[in-house]
Amino acid sequence: MPHLKTIREQYPEDQVVILSLNAINPAQQAAAEASKYEIGSQVLVCKGSGVVRDYKVSKLPHLMIIDREGVIRASALFMKADKIQAAVDPLLAP
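Following this line, the structure appears as structure tokens:
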């Protein structure tokens with residue numbers, strides 16, 4: 013997802029953290045896919061963990077913006093960079 017690379021480059025690491033979850037594949041395959049698609053962020057393998065069910069994710073790729081308190085502020089499929097920015101910028105405002 014190239015737009016996540018744009019977001020990662022736009023915000024300081026101490027303000028915005030991008031985590032990718034792979035809920036389908038075992039760790040070795042998840043790592044290979046992360047490399048193939050140049051994910052560029054930490055990939056957490058959560059197959060069988062219940063994360064997909066707990067966060068009510070029905071389709072992939074699914075993106076969530078979660079604030080510092082753990083509250084989901086935005087949740088959507090295929091969220092583009094401008095929508096991510098619109099959700100993140102107010103959370104970083106002083």
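Here the sequence shown stands for residues 13 to 106, where the numbers follow the working numbering.
All C-beta atoms in this analysis are idealised placements derived from N, C-alpha and C, irrespective of residue type, glycine included.
Computed from a predicted structure; not experimentally measured.
Query: If you reduce the DSSP assignment to three classes, tell me which class residue 87 lands in.; Result: strand
Query: Alpha carbon to alpha carbon, what distance is there between residue 62 and residue 40?; Result: 20 Å
Query: Taking only three categories from DSSP, how would you classify residue 19?; Result: helix
Query: Residues in the same chain with beta-carbon distance under 6 Å from residue 27, minus the five sequence neighbours each way, listed in chain order, please.; Result: 104
Query: Whole angstroms is fine: what's the gap from residue 69's alpha carbon to residue 50's?; Result: 23 Å
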